[in-house]
Amino acid sequence: MAENGASFKLSTVEKIVKHHFQDNGKTRMNTDSVKLTTELLRLFVLEMAARSCDQARSEGAETVEVEHLEKILPQLLLDF
Numbered sequence: 585m586a587e588n589g590a591s592f593k594l595s596t597v598e599k600i601v602k603h604h605f606q607d608n609g610k611t612r613m614n615t616d617s618v619k620l621t622t623e624l625l626r627l628f629v630l631e632m633a634a635r636s637c638d639q640a641r642s643e644g645a646e647t648v649e650v651e652h653l654e655k656i657l658p659q660l661l662l663d664f
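Here the sequence shown is numbered in this note's numbering, starting from 585 and rising by one per residue.
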């Protein structure tokens, strides 16, 4: 799952997701759901990076700064 330079450990994603469940001691995730959640997270991060780069480029900046991410974040969250 390391395509395009973004990857996450399945175990880390599973722990993060389980942390937000109400009864995280009894909740289980099957392997396919963990893989799917991890892939969604990877795509989200890649899209965020691409949009931030486009925003920086449109402003004539050579580097992406936090302000560029802040500008694209509302629309990104609505799109995803």
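Note that the Cβ used here is the ideal one computed from N, Cα and C, for glycine as well. Since the model is a prediction, treat every value here as computed from it, not as a measurement.
Reduced DSSP secondary structure (H/G/I, E/B, other) of residue i
i	result
glutamate 649	coil
alanine 590	coil
glutamine 639	helix
glutamine 606	coil
When the options are compared against residue i, the one with the closest alpha-carbon
i	options	result
alanine 633	Thr647, Lys610 and Phe605	Thr647
alanine 658	Arg635, Glu649, Ala645 and Gly644	Looking at the sequence provided, one finds proline at residue 658 rather than alanine. With distances taken between Cα atoms, proline 658 lies closest to Arg635.
phenylalanine 680	Arg641, Leu620, Lys655 and Phe664	Nothing about residue 680 can be read from this structure; the chain reaches only from 585 to 664.
Per-residue burial, residue i [other beta carbons within 10 Å of its own, 16 or more giving buried]
i	result
arginine 626	buried
threonine 622	buried
isoleucine 666	Any property of residue 666 remains undetermined from this structure, which presents the chain solely from 585 to 664.
valine 597	buried
7 Å Cβ cutoff met for residue i and residue j
i	j	result
alanine 590	valine 618	no
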